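Read the structure below first, then the notes.
Number of protein chains: 2
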Amino acid sequence: MLKGKLLEKFAELSLKIGVNIQKGQGLLIVCPVEKSEVAVAISKKAYEFGAKIVDIRWECDETEKINYQFADTKALCDIPKWIIDSREYLVKNNFCYIAIASENPSAFKDIPSEKISKVQQVKGKLLKSFSDSVMNNEIRWCVVSVPTYKWAKQVFPKSKDPEKELSSAIEKTMRLDKSNPLSAWNKHIQALQKRAEFLNKHNFEYLHFTNSLGTNLTVGLAKNHTWLSAEEMAKDKVKFVANMPTEEVFTAPHKDKVNGTVYSAMPLCYNGQIIDKFSITFSKGKVVSCKAKKGEALLKKLIETDNGTKSIGEVALIGKDSPIAQSNILFYNTLFDENASCHLALGKAYPTTIKGGDKLSITELKKLGANDSIEHVDFMIGTKDLSVIGIDYEKKKITIIKNGKFVI
Amino acid sequence: MLKGKLLEKFAELSLKIGVNIQKGQGLLIVCPVEKSEVAVAISKKAYEFGAKIVDIRWECDETEKINYQFADTKALCDIPKWIIDSREYLVKNNFCYIAIASENPSAFKDIPSEKISKVQQVKGKLLKSFSDSVMNNEIRWCVVSVPTYKWAKQVFPKSKDPEKELSSAIEKTMRLDKSNPLSAWNKHIQALQKRAEFLNKHNFEYLHFTNSLGTNLTVGLAKNHTWLSAEEMAKDKVKFVANMPTEEVFTAPHKDKVNGTVYSAMPLCYNGQIIDKFSITFSKGKVVSCKAKKGEALLKKLIETDNGTKSIGEVALIGKDSPIAQSNILFYNTLFDENASCHLALGKAYPTTIKGGDKLSITELKKLGANDSIEHVDFMIGTKDLSVIGIDYEKKKITIIKNGKFVI
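Protein sequence lines, in the order shown, are assigned to chains A and B. So for the first sequence, our numbering puts the first residue at 4; every next one is plus one. So for the second sequence, our numbering puts the first residue at 4; every next one is plus one.
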């Protein structure tokens, strides 16, 4: 539904603010087959900005679902080496990439979760070198979204024109409704940066999360952790914004210092299936139990993926007064929902959330408390009555979030 | 426009008659992004027939055109090795593949033909090992078509619903309008087989083509040539039909024994551009001159691609009473147009059109007169007044085609 000038602006933001494409650079666009007009718009703009070449990797929920339905797990796990090489090619040749994340949240709802988990586990291992490069900012990347019909229908089931409604919601979160979206983004980036600086100055040892759902969780932060926000620096010293929209400040928890129970605040869409109304209990950083009203088997499979999915690798703070939270829309899409709510992530920590972490080995990162895994799955915990208290190394307490909103 | 039961039947024909998919076999579908419903239908049917896994390679005219427009030739020629490996993977793992050829015939009409030719030349060289495997029936493959809007609009420019009209034309050529398309195909395959047997029995040394356009061409046939038709045998001894529709019988000309001038009977769509009203003069098998009212530069570039594009590698006979010829539709798509008209192909000969040719080296094939090239481009020469006379090794003449129709 994004079209004309608006689609052009969208493409411009993805390229200039998002991956910050440089002259002579290659670009990969990961695009759903039903949204080729978006790939066309981004391609054209990319060349305007001096791109060397634009490649597209097309994705199709429907044929992927058919494979999950009818191929056996062994065949699904038989990933050709050229697929791995195609990812490595991006890193070696300093491509940047824009992923359009517009999956139908229930694309795979009838598929046994064990089958999906098994395949994801094998894929995750084979592609770990690439996903490590991405999480370590070795290449510049950006995730954006455009509405697709099936996704929009799930967000606005009663709407006569769900794609239009979702498009309008996305436009607002992308600041496309501003007269000058580029400068609105630059202002926004500065504001989030200030918040991260405040948290870095205080260098908290622990965060304590509580709310009326029953959440009572202490999250130790990794040694040498650093809070990041929208704008990050890639290995080539060029800045970029990995998620658009983004409203979060985030850092690395200590993988062995998380204790207590946390309740989900929103459904989690994982591999085309939904996990909802769940709680997870941690002891010394590890999950010791979990429950879910919906998708419990899938949640358990997720936690069992590898050693690293039993701990968390990210803690992110977002106020309930963020524009996305205020929209009161449940997007069923992590890119949006994670920006409406404080969240944690099971799995790998971003090495960049440790000072100098992009130059450390995984063993060195682990010593500081940064988690490693083939997965990184955000889940939302921020409610309107959430309280987050920071405790520094002198045991001094500072309230960071009260009734869901930042008070710093 | 193909949908419902008709689309299912289409998928069934492509799989059963076309690639003749076997239990436990992998399938690749090459599909335009705007026709994902066709990939979905073929995928489902493929699993019904026992496919192990179905991969899709998506294609998009529009983003490809943008690349041709804005990327420089060097960047376009920088083909990653993983792309070559992805093709080799199919051969090594005995996948079969179905290509849906539905390009907009004028997709690249504003692109300088030198640029396209240069890129195609580099690609052709890099992918030669794969295309050799295809032409040598090392894997089973089938080219089919479904209407896309831009293609249909070019075929039926004045129609209110060009996609529907093109769809209906394709249904007829695919025998989808028959009550039992599968048995109609089996009958058709037998009929073409008989024609090939007749030609093989006579073992002609030369064919002589004449018509009122000015065509006067003698085509020597390769030593040990054999006439093939619809159904071929792949390396794994499983039969398949490489083109659907198909109305031709075809064999290998002798690359050094073609003399005279031939006039085109229909426009030729090559790399998204059109070459029309052209003539080519041969001496001792090589092109010595060519002219075209439209696309002359592109024709010359095609001929200059490599040594092999200066000679022909296929001669195919089709009667003007074939269903496609009788439809009087100019499809601007080789899959259809080549089945409405006798044709020749510049470039590589199918090794299988030489007896035992699939086991011969390129040097051995060349000794017998079979041409080699990175290209294989059909062009149509059959008019309603075409005469084709066969001359055997005893100089005995037999009229094969008179006034465009088979008389054998």
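All C-beta atoms in this analysis are idealised placements derived from N, C-alpha and C, irrespective of residue type, glycine included. In this text, all values refer to a predicted model and were calculated from it rather than measured experimentally.
Quiz prompt | Simplified DSSP assignment, three categories, for B/Ile-384 | solution = coil
Quiz item: Using CA coordinates, which residue listed in A/Ile-173, A/Val-146 and A/Phe-52 is at the minimum distance from A/Val-158?
Solution: A/Ile-173
Quiz item: Tell me which same chain residues have a C-beta within less than 8 angstroms of the C-beta of A/Ser-325, skipping the five on either side of it?
Solution: Glu-250, Asn-342 and Ala-343
Quiz item: Using a Cβ-Cβ cut-off of 6 angstroms (strictly less than) and excluding sequence neighbours within five positions of B/Ser-390, which residues of its own chain qualify?
Solution: The answer, listed in chain order, is Thr-213 and Lys-405.
Quiz prompt | Cβ contact (3+ pairs, closer than 8 angstroms) linking the region 365-383 of chain A and the region 182-193 of chain A | solution = They do not touch, by the three-pair rule.
Quiz prompt | Contacting positions in the region 182-194 of chain B - beta carbon closer than 7 angstroms to chain A | solution = none
Quiz item: Nearest-angstrom Cα distance between B/Phe-98 and B/Leu-31?
Solution: 7 angstroms
Quiz item: Should A/Lys-126 be flagged as near chain B, meaning a C-beta pair shorter than 7 angstroms?
Solution: no
Exercise. For the region 216-227 of chain A and the region 260-267 of chain A, state whether three or more C-beta atom pairs, one from each stretch, are separated by less than 8 angstroms.
Key: yes
Quiz item: Is DSSP giving B/Ile-283 helix, strand or coil here?
Solution: strand
Exercise. Would you mind reading off the limits of the beta strand (DSSP E) that contains A/Thr-254?
Key: 252-254
Quiz item: Can you list, in chain order, the residues of its chain whose CB lies under 7 angstroms from that of A/Gln-123, leaving out five sequence neighbours each side?
Solution: Asn-274
Practice problem: Could you list which residues in chain A have their beta carbon closer than 7 angstroms to that of B/Trp-61, in chain order? | Solution: Val-36 and Trp-61
Practice problem: Taking only beta-carbon positions, decide if B/Tyr-92 is within less than 7 angstroms of chain A. | Solution: yes
Practice problem: Give, in chain order, every unbroken run of the alpha helix (DSSP H) that is at least 4 residues long and sits entirely within the region 84-136 of chain A. | Solution: 84-95 and 116-129
Practice problem: Report yes if the C-beta distance between A/Trp-85 and B/Trp-85 is below 7 angstroms; otherwise report no. | Solution: A contact, by the Cβ cut-off of 7 angstroms.
Quiz item: Count the other CB atoms within 10 Å of the CB of B/Val-410; is the residue buried (16 or more) or exposed (fewer)?
Solution: exposed
Exercise. In angstroms with no decimal places, state the Cα-to-Cα distance between A/Gln-28 and A/Ala-237.
Key: If you draw a straight line from the Cα of A/Gln-28 to the Cα of A/Ala-237, it is about 14 angstroms long.
Exercise. Below 7 angstroms CB to CB, which residues in the same chain sit around A/Phe-111 once its five sequence neighbours on both sides are set aside?
Key: Excluding residues up to 5 positions away in sequence, Lys-68, Tyr-71, Ile-119, Asn-274, Gly-275 and Gln-276 lie with their Cβ nearer than 7 angstroms to the Cβ of A/Phe-111 in the same chain.
Exercise. Write down every uninterrupted run of the alpha helix (DSSP H) in the region 303-357 of chain B whose length is 4 residues or greater and which is fully enclosed by it, in chain order.
Key: 326-329 and 337-340
Quiz prompt | Delimiting residues of the beta strand (DSSP E) encompassing A/Asp-58 | solution = 56-62
Quiz prompt | Three-state secondary structure assigned by DSSP to B/Lys-398 | solution = coil
Exercise. For B/Thr-176, count neighbouring Cβ atoms within 10 angstroms of its own Cβ and tell me buried if that reaches 16, exposed if not.
Key: buried
Quiz item: Which residues in the same chain have their Cβ closer than 7 angstroms to the Cβ of B/Asp-113, if we skip the five residues on either side of it in sequence?
Solution: none
Quiz item: Mapping DSSP to helix, strand and coil, what is A/Met-247?
Solution: coil
Quiz item: Within 10 angstroms of its Cβ, does B/Val-291 collect 16 or more other Cβ (buried), or is it exposed?
Solution: exposed
Self-check item: Through-space distance from A/Leu-10 to A/Lys-294, alpha-carbon basis
Solution: 42 angstroms
Quiz item: Which same chain residues, not among the five before or five after B/Tyr-353, have their C-beta less than 6 angstroms away from its C-beta?
Solution: Met-138
Practice problem: In the DSSP assignment, find the unbroken alpha helix (DSSP H) run with B/Thr-366 in it and report its ends. | Solution: 365-371
Quiz item: Where B/Ala-225 and B/Val-36 are concerned, what is the direct C-alpha to C-alpha distance, given to the nearest angstrom?
Solution: 41 angstroms
Quiz item: What separation, rounded to the nearest whole angstrom, lies between the Cα atoms of B/Ile-384 and B/His-211?
Solution: 13 angstroms
Quiz prompt | Top-ranked residue by Cα proximity to A/Lys-313, from A/Ser-286, A/Val-41 and A/Phe-73 | solution = A/Ser-286
Quiz item: How would you write the range of the alpha helix (DSSP H) that B/Val-41 sits in, first residue to last?
Solution: 39-51
Quiz item: Is it buried or exposed for B/Tyr-396, if we count other Cβ within 10 angstroms and need 16 for buried?
Solution: The residue in question, B/Tyr-396, is exposed, as its Cβ has fewer than 16 Cβ neighbours within 10 Å.
Quiz prompt | Distance, B/Lys-197 Cα to B/Ser-182 Cα | solution = 24 angstroms
Exercise. Rank B/Asp-239, B/Leu-302 and B/Ser-376 by C-alpha distance to the C-alpha of B/Asn-96 and give the top, closest one.
Key: When only C-alpha atoms are compared, the closest one is B/Asp-239.
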